[in-house]
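Undergrad: Chains as they are written, first to last, in the working numbering: chain V, 80 to 475; chain W, 80 to 475.
Where a beta carbon is used, it is the ideal one built from N, C-alpha and C, also for glycine.
Can you read through this structure? Questions will come right after.
2 protein chains.
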Amino acid sequence: MATDFEWTRQQFTALPDVIYLDGNSLGLLPKQAAARVARTVTDEWGTMAISGWNRAGWMAAPRQLGDRIGRLIGAEPDHVVVGDTLSIKVYQALAAATRMTDRKVILSDTGNFPSDLYMAEGLISLLDGYELRTVAPDQVAQALTPDVGILMLTEVDYRTGRRHDMAALTQAAQTNGTITVWDLAHSAGATDVNVSAVDADFAVGCTYKFLNAGPGAPAFIYVNPRHADTAHPALSGWLGHKAPFAFDQAYAAGDGIDRMRVGTPPVIQNAALDAALDVWDQVDMADVRAASMALSDHFIAEVEARTNQLTLASPRDAAQRGSQVSFHFAEGYAAMQAVIARGVVGDFRAPDIMRFGITPLYITADDLTRAAEIIADVIEHDLWDRPEYQIRNAVT
Amino acid sequence: MATDFEWTRQQFTALPDVIYLDGNSLGLLPKQAAARVARTVTDEWGTMAISGWNRAGWMAAPRQLGDRIGRLIGAEPDHVVVGDTLSIKVYQALAAATRMTDRKVILSDTGNFPSDLYMAEGLISLLDGYELRTVAPDQVAQALTPDVGILMLTEVDYRTGRRHDMAALTQAAQTNGTITVWDLAHSAGATDVNVSAVDADFAVGCTYKFLNAGPGAPAFIYVNPRHADTAHPALSGWLGHKAPFAFDQAYAAGDGIDRMRVGTPPVIQNAALDAALDVWDQVDMADVRAASMALSDHFIAEVEARTNQLTLASPRDAAQRGSQVSFHFAEGYAAMQAVIARGVVGDFRAPDIMRFGITPLYITADDLTRAAEIIADVIEHDLWDRPEYQIRNAVT
Chain V
80 MATDFEWTRQ
90 QFTALPDVIY
100 LDGNSLGLLP
110 KQAAARVART
120 VTDEWGTMAI
130 SGWNRAGWMA
140 APRQLGDRIG
150 RLIGAEPDHV
160 VVGDTLSIKV
170 YQALAAATRM
180 TDRKVILSDT
190 GNFPSDLYMA
200 EGLISLLDGY
210 ELRTVAPDQV
220 AQALTPDVGI
230 LMLTEVDYRT
240 GRRHDMAALT
250 QAAQTNGTIT
260 VWDLAHSAGA
270 TDVNVSAVDA
280 DFAVGCTYKF
290 LNAGPGAPAF
300 IYVNPRHADT
310 AHPALSGWLG
320 HKAPFAFDQA
330 YAAGDGIDRM
340 RVGTPPVIQN
350 AALDAALDVW
360 DQVDMADVRA
370 ASMALSDHFI
380 AEVEARTNQL
390 TLASPRDAAQ
400 RGSQVSFHFA
410 EGYAAMQAVI
420 ARGVVGDFRA
430 PDIMRFGITP
440 LYITADDLTR
450 AAEIIADVIE
460 HDLWDRPEYQ
470 IRNAVT
Chain W
80 MATDFEWTRQ
90 QFTALPDVIY
100 LDGNSLGLLP
110 KQAAARVART
120 VTDEWGTMAI
130 SGWNRAGWMA
140 APRQLGDRIG
150 RLIGAEPDHV
160 VVGDTLSIKV
170 YQALAAATRM
180 TDRKVILSDT
190 GNFPSDLYMA
200 EGLISLLDGY
210 ELRTVAPDQV
220 AQALTPDVGI
230 LMLTEVDYRT
240 GRRHDMAALT
250 QAAQTNGTIT
260 VWDLAHSAGA
270 TDVNVSAVDA
280 DFAVGCTYKF
290 LNAGPGAPAF
300 IYVNPRHADT
310 AHPALSGWLG
320 HKAPFAFDQA
330 YAAGDGIDRM
340 RVGTPPVIQN
350 AALDAALDVW
360 DQVDMADVRA
370 ASMALSDHFI
380 AEVEARTNQL
390 TLASPRDAAQ
400 RGSQVSFHFA
410 EGYAAMQAVI
420 ARGVVGDFRA
430 PDIMRFGITP
440 LYITADDLTR
450 AAEIIADVIE
460 HDLWDRPEYQ
470 IRNAVT
């Protein structure tokens, strides 16, 4: 199918007088989400109560939602499930990976999202003799030494948007006998990631960024089919049990991806995710990726044509970039406050990064041209004219 | 304050033509919840997007909601936080407890909710030399041998409603040098549990049962103040970090209960919890406990006056019972189907338990009298008259 971006744009609630370039942090509200959530609360919980678990499909939803996300990341059907938070899913994947190798080094990079590193630290704090080793992102391939058991990376750097070469690194890891755990937080709905094609062992991600499922939306986990029935679920909750309602005393892992379920699914959050995926169901990720690359290139050109004070922090080659554009700017914190005050919403990441998310489902080239004008105007004029920013600069 | 149960009853959406005795599994919808959730989706997410994290208070909510739950379980302010699922919170408490003792036996009982046992199994599968030991519920005190490092119990048995003597067992554990982890799934909003008075080390619970926060509502965790700044957060997610938005590479546990936060809070579920707690804020737990005991006694008497085929599975002494009444009945599965078909919603737990939740916030003595009439009528007449139940009995 050819993706109709005019249609997708109409599916979202725009913020009045705002160009929203922060969909890589929290996606906009899909128009159908409010009604979907209201239906779940009022018509399902309110009229079915306990029977909603079956009658309204609450119990089955995590698998169905998982499959719809799976299509967007190249997963085989029946190998993705939603639930919990991304940090928990990172832990779950890592814990399973530790049981698949005797090696005790987990390799990651300093560009990884800190919570992934924290969760790895927490996991190995319970284990004997493990090491979490981090190297610079461009040093990962050569750091794949024979002692590395697990490679844990985030495909797209949350600050710069730099993509790892997921296919090459996964292949190199396999050659090295290393299990891969990929975080797709900034990839799902953003890039043409394909977990099946690259043969990743585990992948995890969240749904509140590019997937637009709302604040606190659940995470997802993918387990490669070759591990699906053997992966060890250290977070062995009852809904991952082979027969949750038999209430057996002993745990017996469920079949396939079901074993990665833990506790009761977040039914109301899942309703918002369901509405968000109704838009994604009409989208071809190849189209989204092509649009993202074109829009990002356009935005970089429009900004750079107007100011030379910003230094591109993202790769200039769109193929090596996720769906965001970041600039270094020494006064980035103050500048982003000023830009937001002028109606262009991006965000700041320490120490000096101004970050702008590119979400083709609801952002157009015209939006980005206008955003570039405002950003340049702030950088070239406003920032120096307004006393409040000068004061802020003086104290930060 | 004196609790006004006529007022509380009006705060819930009754199911038409149903006497709902399953609030111990999933509480009814508070009338304000739909509007509160809609506000969060439409007015907050829809108009604030990313800025809702601060402007709408999404980030602060887990602590505020935690304190409101804390009042209901006797916790000191600032020592309860909500998030994740109960299974995850059990794991988190157990993992922290393993770092507080060198002993490697976790004691629990065969009446514990299976997921608690499963999560303990999952945790110790990562550790060396640990044992999960289960004994019959009435054998717990004498099983507190010197090798027991952690005592993990659910205060109220999910099948029978039998309460443990939490004060005595916690005291006995302390005397034995054993850390306590209490699951309050069937206690919060149900009994006069007081974690501070009994000096529990850890307590966890869920909010979708008696607290009425809806399907998939988050869990909570309490950490005793004496451990608050030292408890080891093995699930060390970024929102438990001392400075989550500094994005440091290394984990540093947050102060006090904040360290038990993990990932992004479930904002929409939290909105429903907020509305549910608006009712609880007007309630004195002593009144609820007194009403629960009186209603339960009344229900037992009304049932037993009408049929002698049901055998009370719950303690007859209300002081030893949570807020549910369970009966053994050999044909319990079929009987519960028939009872539900007659508009009395309880549930069945294998092998032979018919379980009825007593929720004084929205259930009255008249409801229970009518429910007893229907139950007795089913047991004494319907069950044997209807071919479909006879068929079901024949095959199960």
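Note down the Cα distance separating N255 of chain V from T224 of chain V, rounded to an integer number of angstroms.
TA: Each residue's Cα considered, the two are about 7 Å apart.
Undergrad: Measure how close the beta-carbons of S275 of chain W and E234 of chain W come, nearest whole angstrom, since I'm counting them as under 8 Å.
TA: So it is not a contact: roughly 15 Å between Cβ atoms.
Undergrad: Would you be able to state if there are at least three C-beta pairs under 8 Å between the region 279-295 of chain V and the region 120-137 of chain W?
TA: Touching, yes.
Undergrad: What residue does the alpha helix (DSSP H) around M372 of chain W start on, and which one ends it?
TA: Start and end: M364 to R385.
Undergrad: Answer yes or no: does any C-beta atom of chain V fall closer than 8 Å to that of H407 of chain W?
TA: Not closer than 8 Å to any Cβ of chain V, the Cβ of H407 of chain W fails to qualify, so no.
Undergrad: Using a Cβ-Cβ cut-off of less than 8 Å, list which residues of the region 359-387 of chain V approach chain W; keep chain order.
TA: Going along the region 359-387 of chain V in chain order, one finds no residue with a Cβ nearer than 8 Å to chain W.
Undergrad: On a CA-only basis, which of V:T239, V:L389 and V:R142 is nearest R340 of chain V? Give me that one, please.
TA: Ranking V:T239, V:L389 and V:R142 by Cα distance to R340 of chain V puts V:R142 first.
Undergrad: Please classify M231 of chain W as buried or exposed, where buried requires at least 16 neighbouring CB atoms within 10 angstroms.
TA: With 16 or more Cβ atoms within 10 Å of its Cβ, M231 of chain W is classed as buried.
Undergrad: Could you give the DSSP three-state label for I229 of chain V: helix, strand or coil?
TA: DSSP places I229 of chain V in strand when its eight states are reduced to three.
Undergrad: E328 of chain W touches chain V at which residues, Cβ-Cβ below 8 Å?
TA: Checking the displayed sequence, the identity of residue 328 of chain W turns out to be Gln instead of Glu. Here the neighbours are T189, P193, L196 and T213.
Undergrad: Under a CB-based cut-off of 8 Å, is D278 of chain W close to chain V?
TA: By this cut-off, D278 of chain W is not an interface position.
Undergrad: With three or more beta-carbon pairs closer than 8 Å as the criterion, would you say the region 430-439 of chain V touches the region 403-422 of chain V?
TA: The region 430-439 of chain V is in contact with the region 403-422 of chain V.
Undergrad: Quick check on the burial criterion: 16 or more other C-beta atoms within 10 angstroms. Buried or exposed for F324 of chain W?
TA: F324 of chain W is exposed by the Cβ-count criterion.
Undergrad: Classify I437 of chain W as helix, strand or coil using the three-state DSSP reduction.
TA: Of the three classes helix, strand and coil, the one that applies to I437 of chain W here is coil, per DSSP.
Undergrad: Helix, strand or coil: how does DSSP classify A473 of chain V here?
TA: Residue placement at A473 of chain V is flagged as unreliable, the pLDDT there being 49, under the threshold of 50; the coordinate-derived value follows with that caveat. Three-state result, A473 of chain V: helix.
Undergrad: List, in chain order, every chain W residue whose beta-carbon is nearer than 9 Å to that of Q560 of chain V.
TA: The structure shown does not extend to residue 560 of chain V, since chain V spans only 80 to 475, so no value can be given for it.
Undergrad: Starting from the Cα of R238 of chain V, find the closest Cα among V:D226, V:A199, V:L202 and V:T189 and give me that residue.
TA: Checking every option, the nearest Cα to that of R238 of chain V belongs to V:T189.
Undergrad: Could you spell out where the alpha helix (DSSP H) holding I167 of chain V opens and where it closes?
TA: L165 to T177 is the extent of the alpha helix (DSSP H) around I167 of chain V.
Undergrad: Is the Cβ of D357 of chain W closer than 8 Å to any Cβ of chain V?
TA: Not one chain V Cβ lies under 8 Å of D357 of chain W.
Undergrad: Under DSSP, the beta strand (DSSP E) around Y330 of chain W begins and ends at which residues?
TA: Where Y330 of chain W is concerned, there is no enclosing beta strand (DSSP E), given that its DSSP letter is neither H nor E.
Undergrad: Does DSSP put G234 of chain W in a helix, a strand or coil?
TA: The question names Gly, but residue 234 of chain W in the sequence shown is Glu. E234 of chain W falls in the coil class under three-state DSSP.
Undergrad: Taking 8 Å as the CB-CB limit, is T443 of chain V close to chain W?
TA: Taking Cβ atoms only, chain W never reaches closer than 8 Å to T443 of chain V, which makes this a no.
Undergrad: Please report how far the alpha carbon of R118 of chain V lies from the alpha carbon of F192 of chain W, in whole angstroms.
TA: Looking at the two C-alpha atoms, the distance is approximately 31 Å.
Undergrad: Just to confirm before moving on: does the CB-CB distance between G316 of chain W and M138 of chain V stay below 8 Å?
TA: No, they are not a contact pair.
Undergrad: Pop quiz: D163 of chain W and D146 of chain W are said to be a contact at Cβ under 8 Å. What is the actual Cβ separation, rounded to whole angstroms?
TA: About 18 Å; that fails the 8 Å criterion.
Undergrad: Applying the criterion that 16 or more other CB atoms from any shown protein chain within 10 Å of the CB defines a buried residue, is K168 of chain W buried or exposed?
TA: It is buried - the Cβ of K168 of chain W has at least 16 other Cβ atoms within 10 Å.
Undergrad: I need the straight-line Cα distance from H243 of chain W to W463 of chain W, nearest angstrom please.
TA: So the alpha carbons of these two residues sit roughly 37 Å apart.
Undergrad: For A451 of chain W, which residues in the same chain have their Cβ closer than 8 Å to its Cβ, ignoring the five residues on either side in sequence?
TA: Hits under 8 Å: F378, E381, V382, A384 and R385.
Undergrad: Can you confirm whether the region 439-449 of chain V touches the region 90-104 of chain V when touching is taken to mean that 3 or more C-beta pairs between the two stretches lie within less than 8 Å?
TA: A contact exists between the region 90-104 of chain V and the region 439-449 of chain V.
Undergrad: Give me the chain V residues within the contact set of W124 of chain W, using Cβ-Cβ distance strictly less than 7 Å, ordered along the chain.
TA: Simply L108, G293 and P294.
Undergrad: Where DSSP assigns a beta bridge to W261 of chain V, which residues make up the other side?
TA: According to DSSP, W261 of chain V bridges with V:L232 and V:A282.
Undergrad: Which partner residues does A117 of chain W have in the DSSP bridge list?
TA: Answer by DSSP bridge pairing: none, since A117 of chain W is not bridged.
Undergrad: Would you mind sorting Q328 of chain V into buried or exposed? The rule is 16 or more other CB atoms within 10 Å of its CB.
TA: Flag for Q328 of chain V reads exposed.
Undergrad: Work out the CA separation of M80 of chain V and L248 of chain V for me, nearest whole Å.
TA: L248 of chain V and M80 of chain V: Cα-Cα distance of roughly 31 Å.
Undergrad: Name the two residues that bound the continuous alpha helix (DSSP H) containing Q143 of chain V.
TA: Note, Q143 of chain V: alpha helix (DSSP H), A140 to I152.
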